[in-house]
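Student:
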Amino acid sequence: MLNNNDYISRGIEIYEIEPSEIIFDDSIRDYCKENKCGRYNKNFMCPPRIGTVEEYKEIIKSYNKGYILLIKDIINKPNINDHYNSQKKLHQIVLEVEEKLISNGYNKSLGFIAGECKLCSPCKLVEGYNECIHPNKARTSLEAVGVNVVETMKTKGIEIIFGTKNITWVGVVLMK
140 MLNNNDYISR GIEIYEIEPS EIIFDDSIRD YCKENKCGRY NKNFMCPPRI
190 GTVEEYKEII KSYNKGYILL IKDIINKPNI NDHYNSQKKL HQIVLEVEEK
240 LISNGYNKSL GFIAGECKLC SPCKLVEGYN ECIHPNKART SLEAVGVNVV
290 ETMKTKGIEI IFGTKNITWV GVVLMK
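Going left to right, the sequence shown walks through residues 140 to 315 as our numbering numbers them.
#1: Specify, as a first and last residue, the run of the beta strand (DSSP E) that V265 falls within.
#2: Alpha carbon to alpha carbon, what distance is there between D164 and K304?
#3: Which runs of the alpha helix (DSSP H) spanning at least 4 residues fall entirely within the stretch 150-236, listed in chain order?
#4: Just verifying my parser: in three-state terms, what is the DSSP assignment at S241?
#5: Can you tell me which of the three DSSP states M314 falls into?
#6: Is there contact here, the stretch 173-193 with the stretch 273-290, by at least three beta-carbon pairs under 8 angstroms?
#7: Give a yes or no on whether the C-beta atoms belonging to V236 and V312 are separated by under 8 angstroms.
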């Protein structure tokens, strides 16, 4: 369905995935509750504002197949803007892939991004808004719904390397 060559030139790797290959781990969602990122309850697309891990397990199981979208980036002089540029790029690609799948008849496409949604910085939640101003573009992350991204990637033979210069962002788009 997706042509990998259309994305390679943009620095995106694409792999097919079955929803049954997605590994959930409640301890991943616990990191959100422990506020490891400092953004718990500060983003409409993050806990506690989204459904439970159990709800997402059921949602994801209801899909037929999907695609992993992966960006690997190396930042030689790390700064916060460079760190998040490839994350924002992945978010846009997830939206593009959803649109492409929808235009090909997969009307129930569902995308997940890496890290918290950064369409608004800061999220309008912390500015007192009652709802997201970009509900058609905002996406939640795999980690926020309890997916163990590292273990899920291992099922596909993909190793994620962590380091001060190495950044890997992983998104998924499911279809039915």
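By construction, the Cβ of each residue, glycine as well, lies at the ideal position given by its N, Cα and C atoms.
Tutor: Looking at the coordinates:
#1: Neither: V265 is in no beta strand (DSSP E) and is coded neither H nor E.
#2: 27 angstroms
#3: 165-172 and 192-200
#4: The amino acid occupying residue 241 in the given sequence is Ile; Ser does not appear at that position. Helix.
#5: strand
#6: yes
#7: yes
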